[in-house]
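Read left to right, the sequence shown gives residues -17 to 520 (my numbering). Cβ coordinates follow ideal geometry from the N, Cα and C atoms, glycine included.
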Amino acid sequence: MEIRVTKDLPAIYSDELSAPVLALPIGLMRLGLKANKLKESGIETIADLLGVLPLKRQNSYGIGPSSIDKLASNLSALLVLNEGGALAWERYANAAGVVLLPTSAQYNDAQGFLNSLPQVLEQIAGVLTDSTDADILLSRLSKKPRDQKTLEEIGAAATPKVTRERIRQKEKKLLQQIAGGLIWHEYGNLNLLFRPEFSSWWMKAAEHFSGHDEISFEDFVSGLATVWNAEVADIVKQLPIILAVVTGEVHMSGEFRNANRLDNVYFRELPDVTRGHELKKFRLGTVAEQIADSGYETLGRFIGGCLSGQLFEEQKNKNAVIRAIEHFNKVKSVFDNDMVINWLSYRELNNLQVVPSNLRRSASEFAAHLVEDLTELIGCMKMYSLAGEVYRLRSSQPVITRLTLEKLSAELKTTGPNCKRTETVTLERLNDLIISRDFSNQDFWMCDKFLQWWKEAELSYQLSAKNFDAFKALLQDRWSLTDEVVEKSIPSLWGVLNGYPNGYPRRGRPRKGARADVRPDSVVGIERIRMVGFRRIH
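In structure tokens, the structure reads:
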């Protein structure tokens, strides 16, 4: 059936249309601002519209002859949409003379939907009759903030040139029409129609956030990840587009973007035993010390600092923090069902070889081969080239037979100060690695049994009140070591435990006070998202 109009818009009986069609909003009639006149009179749906037909060309709704003709054409298309019981959107688009977008919308999962967003914007731009609107889509909505054209640049490129304020108005209107079409079937003057397979994702989000005029950015991203069953990383990649639709503005805070690189949906659920791990246990590189020195020493504090945005504000080297976030997003794969880290899986994930390579099953075996194992360990560390030789010829030797710095420098063809500095730094870093368990800069895995023997040695060191002779006697008794083995191992044990070759305590580096272990669900976002695009604008 085709509705032919000669003067007035005739009546259509509601039984000619199915219930789903009758429930559609009148925005589908594409009357632009004229639709507001109907809405002000309580005409919201197709069923409401049919209730006031026939509609004369002279009517109280301010709908003129051209709008009457458009209504007639679109109502005819609705009859086609109604054919066969199901909503046949392709037939409707052909009948209404609009373009159905995206050209294809077969999404197996949220990742496919999210990855399609830039391409969909290009398709929308190709349909727009206004080249400036198309430029807004392609040069602002689909670009990262640093790559976006300014409003002035788009205005200067327009023919004729237009002001910045006019471009801002056009951008706002375009975003309202896109959001209206996606959520409410209210397209304004856009000559297109979104496929339900595409718009349904946006409708789910709008329903999830219904009742919220604004929301914290963290809760927004978490909510999207939940309702779309999506990875936070996939959402973050398309945030410029998503935020433009939701807020009605082309912008995205850098702090928001950085903070939500971390999968906060997942990490907000971590148990205390996992949150308590110190960052230095993870292979993060120098950034672990930088972050810890700022007071974010544990995984829990790091997560809180990221999600609040405070860590990004304080750290000058933001790329280093981003690398740490990327590391922890990968670490998710080695958590067990209780969200506790499986360290064997972590070792395999990072392809870390075990050092020392030989397993020492008894204390006496550990002590007898200690010089050999520490030499291997030093060779794997990122140290001075002479570190291994300085340790072997001096640090590992008893005081009586130890080479003087003068003889050592002659042996190694270098200077005495260089030998002294190498020895000091080597023992400090061994202390960091073995005693403080700072693994952040190492690309190998410390043998667990090796560390266990050192833990026992550290206990004897503490019980001896850090007195060399008392320590030597206590350890020999506890481990049942022969005189030969204890004499061979005690210089290395003392040097590493003391962190300094001559028996002086090593001065620690000052650190800032520790941060509170802020949980993600208590973090207040540094900004909030105004959900303009998810509200109907009449």
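Reference residue i, options the options, closest by Cα
i: W476; options: L463, L409, D414; result: L409
i: E388; options: N400, S422, K431; result: N400
i: Y482; options: H194, E371, Q159, S377; result: S377
i: S42; options: T357, A54, V232, A17; result: A17
i: F348; options: L457, V218, K300; result: L457
i: C288; options: Q220, V227, D275, E200; result: E200
i: E308; options: R177, A29, V218, G79; result: V218
i: F249; options: T85, V313, F95; result: V313
i: K431; options: H259, W183, R343; result: R343
i: D355; options: S474, R122, W183, L252; result: S474
i: P253; options: V203, I323, E295; result: I323
i: V467; options: V353, R384, L394; result: V353
i: K125; options: I106, P100, Q105; result: P100
i: L123; options: F95, I25, L225, K38; result: L225
i: S204; options: G277, M185, P222, L244; result: L244
i: A365; options: H190, R411, E393, V232; result: Per the sequence presented here, residue 365 reads as Met, with Ala not at that position. The shortest Cα separation from M365 among H190, R411, E393, V232 belongs to R411.
i: F421; options: I223, E271, G277, V34; result: E271
i: V209; options: M363, W184, Q292; result: W184
Nearest-angstrom beta carbon gap, residue j and residue i [assumed within contact, 8 Å]
i: T397; j: L368; result: Rounded, the Cβ-Cβ distance is 11 Å, inconsistent with contact.
i: A188; j: L206; result: Their Cβ separation, rounded to whole angstroms, is 11 Å, which puts A188 and L206 out of contact at 8 Å.
i: V316; j: C429; result: Incorrect: roughly 19 Å between the Cβ atoms, too far for contact.
i: K263; j: R419; result: 6 Å
i: I227; j: A302; result: With the sequence shown as reference, residue 227 is identified as Val, and Ile is not the correct amino acid for it. Between A302 and V227 the Cβ distance is about 32 Å, and since that is not below 8 Å, they are no contact.
i: Y74; j: L63; result: 4 Å
i: I118; j: L156; result: 6 Å
Pair within 8 Å by beta-carbon distance, residue i and residue j
i: L4; j: V81; result: no
i: A215; j: N311; result: yes
i: E213; j: Y89; result: no
i: W427; j: L334; result: yes
i: L61; j: E134; result: no
i: I472; j: E440; result: no
i: L164; j: S181; result: yes
i: F453; j: S442; result: yes
i: D459; j: R265; result: no
i: L32; j: I8; result: no
i: V372; j: L390; result: yes
i: W71; j: R146; result: no
i: G267; j: N423; result: yes
i: M513; j: H167; result: no
i: V269; j: R305; result: yes
i: N211; j: A92; result: yes
i: P84; j: V109; result: no
i: Q159; j: G230; result: no
i: R374; j: T357; result: yes
i: L6; j: I28; result: yes
i: Q130; j: V34; result: no
i: A345; j: W461; result: yes
Where residue i falls, given that 16 or more other Cβ within 10 Å makes a residue buried
i: A447; result: exposed
i: D320; result: exposed
i: L15; result: exposed
i: T464; result: exposed
i: P36; result: exposed
i: L433; result: exposed
i: K470; result: buried
i: P2; result: exposed
i: W325; result: exposed
i: A498; result: Annotation note: pLDDT 48 at A498 (below 50); position unreliable, coordinate value reported separately. Its Cβ having fewer than 16 others within 10 Å, A498 is exposed.
i: T280; result: buried
i: P47; result: exposed
i: R12; result: buried
i: G370; result: buried
i: S49; result: buried
i: P380; result: exposed
i: K555; result: This structure cannot speak to residue 555, because the chain is shown only from -17 to 520.
i: S23; result: exposed
i: N480; result: buried
i: T404; result: buried
i: G79; result: exposed
i: N171; result: exposed
i: G286; result: buried
i: L445; result: exposed
i: A274; result: buried
i: D414; result: buried
i: G282; result: buried
i: G137; result: buried
i: A392; result: exposed
Any contact of the segment 105 to 120 with the segment 135 to 145, i.e. 3+ C-beta pairs under 8 Å?
Output reads yes: the segment 135 to 145 touches the segment 105 to 120.
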